[in-house]
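Here the structure is laid out as structure tokens; the discussion comes afterwards.
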Amino acid sequence: MPSEADDYSMDRPREGDPRRLIRQIGWAAVAVVAIILFIVIDRVWLRPDSAVALTDVTTATVERGTLAIEVQGAGELEPVNERWIASEVAGSVERILARAGETVAAGDGIARLINPQVRQSAVAARLQLAEATAEHRRRLAEFTDRRLAGEAQILARQADLEELELQLEAETELLERQAVSEIDYRSTKIRTERARAELAFEERRFEELQSVLAAEREASEARIAERESALAEAERLAEGLLVTTDIAGTLREVLVETGQRVNAGAQVARVVDTAVLRGLIRVPESYASRVVPGQPAVVTVLSQEVPGMVTRVDPAVTQNSVAVDVAFEAELPVGVRPDLSIRATITVANLTDVLFVRRPLGVREDSPGEVFRLATDGESAGRVAVRFGAGTLRHIEVRDGLDDGDTVIVSSTAGFDDQGSLQQVKLKRR
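In this note's numbering, the protein residues as written are 2 to 431.
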């Protein structure tokens with residue numbers, strides 16, 4: 002049986018054992034060395050230099066001067082004068098006389114139609130006019146005969162009256178000499194008065210006849226005019242079988258084919274006047290409120306800049322953009338045509354004597370923001386709060402926070418995440 006002394010020696014460790022102390026010190030030294038190695042590897046190999054190279058960022062200098070507030074947009078050329086050509090009559094397309102892209106003059110044919118009924122109507126109208134003309138001539142001859150008969154009646158009555166007046170004058174002298182009876186004198190006087198009345202009646206009837214003949218003549222002439230109008234309309238419809246353009250320009254498209262049935266009023270082709278073009282520019286809806294008619298614009302057409310002026314701003318928004326019409330104030334380059342792609346820069350305002358800088362990435366107009374401003378020695382950059390104003394795609398107004406001549410970083414600062422609180426970053430030159 003073990004003794005009490007042996008139990009004591011087995012349960013309690015030996016005090017002051019040097020081997021155990023050495024092991025503890027060794028493990029602690031290994032841990033410290035491992036930590037130091039990890040820091041060295043991280044700092045020296047993985048992150049050899051915490052400073053940001055100036056060549057990796059883009060800087061810009063704050064300037065004072067005039068800042069032109071511009072709005073940019075893209076679009077295409079469109080004709081000012083454009084005409085849809087429609088068929089005035091129904092028919093079948095016999096022949097296409099012009100193709101899309103051809104230059105046409107006013108009156109040139111585009112397509113020829115066939116419609117036998119239209120041609121027959123023109124022939125019938127021509128025959129009806131000839132018949133009405135012959136009837137009118139017959140009536141004119143009849144009117145002349147009736148007028149001459151009325152004039153003959155007046156002349157006969159006038160001759161009878163003059164004969165009786167002479168007889169009455171002679172019998173008056175004979176009555177004073179008592180060479181004629183009272184009865185014969187009175188009889189002659191009565192016949193004279195009746196002849197005078199009959200002459201007056203014939204004259205009134207002749208006047209009425211003149212009025213009747215004039216009315217009948219007008220009615221006959223109206224029938225002639227009606228037939229002439231009908232013939233003119235029939236001939237116009239017959240001429241409408243040849244579809245022509247009434248303006249000069251370029252035939253943009255032809256909507257019919259040979260053999261196709263075309264109804265009256267159907268669109269056959271579209272002609273545009275390529276001599277006068279305007280720019281149709283689409284600007285983002287966020288900038289459209291600044292654009293108004295009368296503002297100057299510079300349009301890039303076939304790599305050439307052409308000055309212009311805003312003439313119209315569409316009140317509606319389509320696909321997040323607003324259409325703006327620009328009239329050109331100079332000749333366009335040779336070779337332009339409708340639908341040619343263009344770009345435009347519209348000057349909406351000129352801010353004078355203001356601070357501005359190249360637009361930093363991510364800043365917004367009329368709102369606060371933060372940028373990194375370079376120190377005077379160029380070895381570091383500190384974050385500063387800035388109040389921005391109006392701007393363009395390239396520049397923006399500085400209202401507060403920066404001074405003339407300050408240099409700021411305008412590119413992305415995503416690589417500054419290793420710089421602690423980002424309130425101050427180190428810079429180095431390569």
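Quick reminder that beta carbons are idealized off the backbone N, C-alpha and C, glycines included.
Nearest-angstrom Cα distance between GLY74 and LEU281?
Spanning the two alpha carbons is a distance of roughly 10 Å.
Measure the beta-carbon distance from LEU356 to LEU403 and round it to whole angstroms, keeping in mind my assumption that it falls under 8 Å.
So it is a contact: roughly 7 Å between Cβ atoms.
Starting from ILE184 and walking both ways along the alpha helix (DSSP H), at which residues does that stretch end?
Taken as a continuous stretch (DSSP letters only), the alpha helix (DSSP H) holding ILE184 covers 183-240.
Is the CB-CB distance between GLU408 and THR62 below 7 Å?
Here the sequence assigns Thr to residue 408, which means Glu is not the residue at that position. Closer than 7 Å, so yes.
By DSSP, does GLN296 sit in helix, in strand, or in coil?
Here GLN296 sits in coil by DSSP.
Express the C-alpha separation of ALA29 and ASP12 in angstroms, rounding to a whole number.
Per-residue confidence for ASP12 stands at a pLDDT of 48, beneath the threshold of 50, marking its modelled position as unreliable; the derived number appears in the next sentence. Rounded to the nearest angstrom, the two C-alpha atoms are 27 Å apart.
How far does the alpha helix (DSSP H) with THR145 in it reach, from first residue to last?
That run of the alpha helix (DSSP H) goes 117-177.
Where does GLN73 sit, in a helix, a strand or coil, going by DSSP?
Of the three classes helix, strand and coil, the one that applies to GLN73 here is strand, per DSSP.
To the nearest angstrom, how far is the alpha carbon of ALA99 from that of ILE111?
If I take the Cα positions, the gap works out to 5 Å.
Would you kindly report the start and end of the unbroken beta strand (DSSP E) that includes SER322?
322-329 is the extent of the beta strand (DSSP E) around SER322.
Since ALA345 and VAL299 should fall inside the 8 Å C-beta cutoff, what is the C-beta to C-beta distance between them, to a whole number of angstroms?
Contact flag correct, Cβ pair sits at about 7 Å.
What is the residue span of the alpha helix (DSSP H) that GLU286 lies within?
Its alpha helix (DSSP H) spans residues 286-289.
How about ARG360 and GLY392: do their beta carbons lie closer than 7 Å?
Yes.
Please go through the same chain and pick out, in chain order, the residues whose beta-carbon is closer than 8 Å to the beta-carbon of ILE155, but skip the five residues on each side of it.
Closer than 8 Å at Cβ, skipping near neighbours: LEU200, GLU203, GLU204, PHE207.
If we cut at 7 Å on Cβ distances, does ALA265 have a partner in chain B?
Of the protein chains in the structure, only one exists, and it is not chain B.
Take ARG21 and list the residues in its own chain whose beta-carbon comes closer than 6 Å to its own, dropping the five residues that flank it on each side.
Taken in chain order, the list of residues that qualify is empty.
Proximal residues to THR59 (C-beta, below 6 Å), its chain only, five neighbours per side dropped:
The beta carbon of THR59 sits closer than 6 Å to the beta carbons of VAL411, SER412 from its chain, once the five residues preceding and following it are set aside; these are given in chain order.
As a quick exercise: from VAL81, LEU242, GLN129, pick the residue whose alpha carbon is nearest that of ARG313.
The shortest Cα separation from ARG313 among VAL81, LEU242, GLN129 belongs to VAL81.
Assuming THR348 is part of the beta strand (DSSP E), what are its boundary residues?
Taken as a continuous stretch (DSSP letters only), the beta strand (DSSP E) holding THR348 covers 342-359.
Cβ shell of ILE115 (< 6 Å), same chain only, five flanking positions each side left out:
So the qualifying residues of the chain are GLY92, SER93, GLU95.
Could you say if the stretch 173-182 and the stretch 133-147 meet the contact criterion of at least three C-beta pairs nearer than 8 Å?
Output reads no: the stretch 133-147 does not touch the stretch 173-182.
Endpoints, beta strand (DSSP E) assigned at GLY92
Counting along the chain, the beta strand (DSSP E) containing GLY92 begins and ends at 92-97.
Short of 8 Å in beta carbon distance, which residues of its chain neighbour GLU103, apart from the five on each side in sequence? Order them along the chain.
The beta carbon of GLU103 is closer than 8 Å to those of THR251, LEU252 in its chain, skipping five residues each way along the sequence.
What do you get for GLU219, buried or exposed, if any count of 16 or more other CB atoms within 10 angstroms of its CB means buried?
Counting Cβ neighbours within 10 Å, GLU219 comes out exposed, since fewer than 16 surround it.
Since MET310 contacts GLU330 with CB under 8 Å, what's their CB separation in whole angstroms?
Contact flag correct, Cβ pair sits at about 6 Å.
Compute the Euclidean distance between the alpha carbons of GLU164 and LEU130, then round it to the nearest angstrom.
Answer to the nearest angstrom: the Cα atoms are 51 Å apart.
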